[in-house]
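A short write-up of the structure that comes next.
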Amino acid sequence: RKLPCLKQRCTPLTVVRPDVNIHPYPEDAFKAGVVFKVPVLARVIQLNAPEGFKFGERGGGCNVTEHDLDPHFESCRVGVRESQAVLKLAMPLPPTLPGAYTTDNLHLASKPSAVEKAEDFDDKHRFMIDVVNAPCAAQEWNADILVTTMTCGIAPDQNRWIIEFGEDGTTRWESESIEGYPIFGPFGSERIKLGEDVSAASAPSPASSSSATSPKADRSRPRFCSPRIPCKDGGECGRNGICS
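Residues in the sequence shown are numbered from 1 upward in steps of one, following the UniProt record's numbering.
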């Protein structure tokens, strides 16, 4: 029988919540996971989040963690908008699309040994990046069927993450986009019914997504893996790119 296609394996770009147990809340610090294929020999990568998200102050630094871009990765800076992160590469990043590795190809030396042993492994790059989530107005909240969980009703076309690749030695750019993760309400649905504004919440929720940066949460948080990032403690790398 045919198996359903795993989203992360079938799309050239995926923006994920690395831990499904940690909800992203509005205007809260969060670690977003980015999994992508490289279509060209890239010298620079630009990640554009939807309006309202912030990687930091314009022109300042942004924080990329748990990546498999070495030895190519050099630095991350916030671009012309607070919602744009620019990843500069010390050397061009080879493409990961099918056919990129051939016997007469200059990228052969960059082919990971793990891929040689498992040609069906969907070779992608991945990194995590610190971001402050977008706000959500009171009138934009939607309740689930049981009225127990609130999510921000952002239209799909307004929740698009775009990744752009600048090809080395040319002015050519390639881009991919995907719908991002939902924003959850850090409180009961009864507060939304009363018309309270999320931005006016004076005290952060104890279950704030910023807890993802605490030592305790860090130990239990799922880890990305790939031919370039083996799992720690002998764990197995699943086909979805997460250590089991």
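The beta carbon of each residue, even a glycine, is placed where N, CA and C say it ideally should be.
Inset, instruction - Assign Gly241 to one of three DSSP states: helix, strand, or coil. - result: Reading the sequence shown from its first residue, position 241 is the one you call residue 241. Coil, per DSSP.
Legend entry - Best match in Cys152, Val132, Leu69 for proximity to Pro92 [C-alpha to C-alpha]: If you number the sequence shown from 1, residue 92 lands on position 92. Looking at the Cα atoms, Leu69 is the closest of the given residues.
Legend entry - Residue span of the beta strand (DSSP E) that contains Ala155, given as start and end: Along the sequence shown, read from residue 1 onward, the residue named residue 155 stands at position 155. Here Ala155 belongs to no beta strand (DSSP E), and DSSP marks it neither H nor E.
Inset, instruction - Would you mind giving the Cβ-Cβ distance between Asn63 and Ile129, rounded to the nearest angstrom? I have them listed as a contact below 8 Å. - result: Here residue 63 refers to the residue found at position 63 of the sequence shown. Here residue 129 refers to the residue found at position 129 of the sequence shown. With a beta-carbon spacing of about 7 Å, Asn63 and Ile129 fall inside the 8 Å limit used to define contacts.
Legend entry - Residue span of the beta strand (DSSP E) that contains Asp130, given as start and end: Stepping through the sequence shown from its first residue, residue 130 is reached at position 130. Unbroken beta strand (DSSP E) run through Asp130: 125-132.
Inset, instruction - Can you give me the start and stop residues for the beta strand (DSSP E) that Ala29 sits inside? - result: For this step, residue 29 is matched to residue 29 along the sequence shown. From DSSP, the beta strand (DSSP E) with Ala29 extends over 29-36.
Legend entry - Inter-stretch contact (C-beta, 8 Å, three-pair minimum) for the segment 153-173 and the segment 41-61: Cβ pair count under 8 Å is three or more, so yes.
Inset, instruction - Assign Gly234 to one of three DSSP states: helix, strand, or coil. - result: In the sequence shown, residue 234 corresponds to position 234, counting from 1. Three-state result, Gly234: helix.
Inset, instruction - Go ahead and pull the three-state DSSP assignment for Glu140. - result: Start at 1 with the first residue of the sequence shown, and residue 140 comes out as number 140. Helix.
Inset, instruction - Keeping to the same chain, check which residues put their C-beta closer than 8 Å to that of Pro156; ignore five residues upstream and five downstream. - result: As a first step, residue 156 is located in the sequence shown; it is residue number 156 there, counting from the start. Cβ within range, chain order: Glu179.
Legend entry - Nearest to Glu74 (by Cα), restricted to the options Val44, Ser244, Glu82: By one-based count along the sequence shown, residue 74 stands at place 74. Glu74 has its Cα closest to that of Val44, out of Val44, Ser244, Glu82.
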